[in-house]
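Trainee: All residue numbers for the sequence shown refer to the numbering used here, where the first residue is -17 and numbers rise by one.
This is the structure, below, for whatever I ask next.
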Amino acid sequence: MKRLQGEQERTALPARADGRNVDPALGTLSGEGAHQQVKRLAAEHPTPDTVAQLPSEFPAQPSPTYYDQPMLKAPVWTWAIPAYFYVGGLAGATSALGAASALLAPGRHPDLLRASRWVGTAGDVVSAALLIDDLGRPSRFLHMLRVFRVTSPMSVGTYVLSLSGACNTASLVLGGRPGVAGRLGRYAELGAGALGLALCTYTGVLIANTAVPVWQLGHRELPVLFAGSAVSSAASLLQLFPLGEREQRLLHRYGVVGKAVELAAGHALERSVKRAPQAARSLKEGLSGALWQASKVLTAASLALSLLPGRHRPLQRRAAALLGTAGALALRFGLMKAGARSTLNPRASFEPQRAGLGAAAVLGPTPDPQGGKPFSFPLPVVS
């Protein structure tokens, strides 16, 4: 009995005072699944060779990502949003043109003034309907009016659209009447023109204030691009109306300026986006690239028809107007598709940040208080 007890003492684990005495029997498989065999062969799940490599032996990648998974979520906006960008910009530029005509040349363009009131009012109503269609319920649009934030382009834009619709409606109803009602209509028209300048540009600020690579890289050019496209859209639509020769000449000059600004701002946007080649692919490949290139060709063709001899002929003028309208629509939908496509490319998101662009260009480099050294945390000494 004493001999057996001595053998057990020799085989037992040495007792430790720090609690690290582990019983090896705890690692023994037991129970119903202890003797089950794996039916799948190891060849079906091969072990990567990189497991056996040291961290310093991994091959360098020119543009590493997080397992090639997108870092951003694509915008969930439907077709109603690029359509809203087009209609809202058109309404804003039309209201601005009507207000400028009433202020600088009162009584000289009555037909143009009347058409701008109708187009501005109808554009604001359609814009609100498109925005509500994307939101899902009218109550959500009303909830957006409960809060006003100067730092939020969406909040500012909601109020701009609402006030612009009110001013355009008042101008349409009261404009041209005698007495106090007529003066109120003129004031409302001037207010609609001022709000129209914001309405045709705030959408560019809205999408530039996001993390979408294409939109963020071109945040300086987008408001100017949207303004030029809005002016081109307004002139193209109004040129299809039966207006007088003097008014058509005014619209011709208005449209030429808008198309030139749109082409110049689009070229500047491409240069800014090309700083990140992976993001620039969205403007060249796929449906987004086709729409973007088509917008440039259509707008350039419209500008050429507007400058060629015979530009005041009705047929040539209508052709230029239709090409300008198609180019403005292709621009809005192309930019929307390009933004969504760039979010699905993980390298388009990582590349600008590593190059010091995007948010890194706005916020600047992050300061390193340790000077490149790791953080040290002194541990308390327990006696």
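Note that CB positions come from ideal geometry on N, CA and C, so glycine has one too.
Quick check: the Cα distance between Val155 and Ala111, rounded to an integer number of angstroms?
Mentor: Going from the Cα of Val155 to the Cα of Ala111 covers about 21 Å.
Trainee: How many whole angstroms separate the CB atoms of Leu280 and Trp274, which I take to be in contact at a CB cut-off of 8 Å?
Mentor: Their Cβ separation, rounded to whole angstroms, is 11 Å, which puts Leu280 and Trp274 out of contact at 8 Å.
Trainee: Taking the continuous alpha helix (DSSP H) assigned at Asp116, which residues delimit it?
Mentor: Per DSSP, Asp116 belongs to the alpha helix (DSSP H) from 92 to 117.
Trainee: Rounded to whole angstroms, how far is the Cβ of Ser199 from the Cβ of Ala258, which I believe are closer than 8 Å?
Mentor: The question names Ser, but residue 199 in the sequence shown is Leu. Right, their Cβ atoms sit about 6 Å apart.
Trainee: Whole alpha helix (DSSP H) runs in the stretch 178 to 232 with 4 or more residues, listed along the chain?
Mentor: Entirely contained in the stretch 178 to 232, the alpha helix (DSSP H) runs reaching 4 residues are, in chain order, 184 to 190, 195 to 199, 204 to 220.
Trainee: Where do the N-terminal and C-terminal ends of the alpha helix (DSSP H) with His294 fall, by residue?
Mentor: Run containing His294: none; DSSP gives neither H nor E here.
Trainee: Tell me the residue span of the alpha helix (DSSP H) that contains Ala272.
Mentor: Per DSSP, Ala272 belongs to the alpha helix (DSSP H) from 268 to 289.
Trainee: Give the secondary structure of Gly74 by DSSP, where H, G and I count as helix, E and B as strand, and everything else as coil.
Mentor: Gly74 falls in the helix class under three-state DSSP.
Trainee: Between the beta-carbon of Val196 and the beta-carbon of Ala261, is there less than 7 Å?
Mentor: A contact, by the Cβ cut-off of 7 Å.
Trainee: Is Ser134 helix, strand or coil when you go by DSSP?
Mentor: In this structure, Ser134 counts as coil in the three-state DSSP scheme.
Trainee: Compare the C-alpha of Gly71 against each of Gly240, Lys278, Gln335 and name the closest.
Mentor: When each option's Cα is compared against that of Gly71, the closest is Gly240.
Trainee: Provide the residue span of the alpha helix (DSSP H) that contains Met53, from first to last.
Mentor: Met53 -> no alpha helix (DSSP H), and no H or E assigned at all.
Trainee: Counting beta carbon pairs with one atom in the stretch 133 to 149 and one in the stretch 180 to 195, are three or more of them shorter than 8 Å?
Mentor: Touching, yes.
Trainee: Which first and last residues belong to the alpha helix (DSSP H) in which Leu124 is found?
Mentor: Its alpha helix (DSSP H) spans residues 120 to 126.
Trainee: Ignore the nearest five residues each way along the sequence and tell me which others in Leu177's own chain have a CB closer than 8 Å to its CB.
Mentor: Cβ within range, chain order: Gly74, Ser77, Val142, Leu145, Ser146, Cys149.
Trainee: Given a threshold of 16 other Cβ atoms within 10 Å of its Cβ, counted over all protein chains shown, does Gly338 qualify as buried or as exposed?
Mentor: With fewer than 16 Cβ atoms within 10 Å of its Cβ, Gly338 is classed as exposed.
Trainee: Does Val243 get closer than 7 Å to chain D when you measure Cβ to Cβ?
Mentor: Here chain D cannot be found, since the structure has a single protein chain.
Trainee: By the three-class DSSP mapping on this structure, what secondary structure does Gly167 have?
Mentor: Residue state, collapsed to three classes: helix.
Trainee: Could you check whether Ala216 and Leu204 sit closer than 7 Å to each other, using their CB atoms as the reference points?
Mentor: Result no, Cβ atoms of Leu204 and Ala216 do not sit closer than 7 Å.
Trainee: Less than 7 Å separating the beta-carbons of Gly167 and Gly157?
Mentor: Yes, Cβ-Cβ distance for Gly167 and Gly157 is below 7 Å.
Trainee: Output needed for Phe123: all residues of its chain with C-beta closer than 8 Å, excluding positions within five of it in sequence on either side, in chain order.
Mentor: Taken in chain order, the residues that qualify are Ala110, Leu113, Ile114, Leu117, Thr140.
Trainee: Under 7 Å Cβ to Cβ from Ala56, same chain only, skipping five residues before and after it: list those, please.
Mentor: Ala322, Thr325, Leu326, listed in sequence order.
Trainee: Determine the contact status of Glu229 and Leu94, defining contact as a CB-CB distance below 7 Å.
Mentor: It is a contact, given that the beta carbons lie within the stated cut-off.
Trainee: Specify the secondary structure class of Ala337 as computed by DSSP and reduced to three states.
Mentor: Coil, per DSSP.
Trainee: Quick one: measure Cβ to Cβ for Ser277 and Gly237, integer angstroms, because I've assumed they're closer than 8 Å.
Mentor: With a Cβ gap of about 16 Å, Ser277 and Gly237 do not count as contacting.
Trainee: Decide if Phe40 is buried, meaning its Cβ has at least 16 other Cβ atoms within 10 Å, or exposed.
Mentor: Its pLDDT being 42, under 50, Phe40 is placed unreliably in this model, and the coordinates cannot settle the point.
Trainee: Of the choices Leu232, Leu313, Ala320, whose alpha-carbon is the least far from that of Gly268?
Mentor: Closest by alpha carbon: Ala320.
Trainee: Looking at the structure shown, is Ala87 part of a helix, part of a strand, or coil, going by DSSP?
Mentor: The answer is coil: DSSP assigns Ala87 none of H, G, I, E or B.
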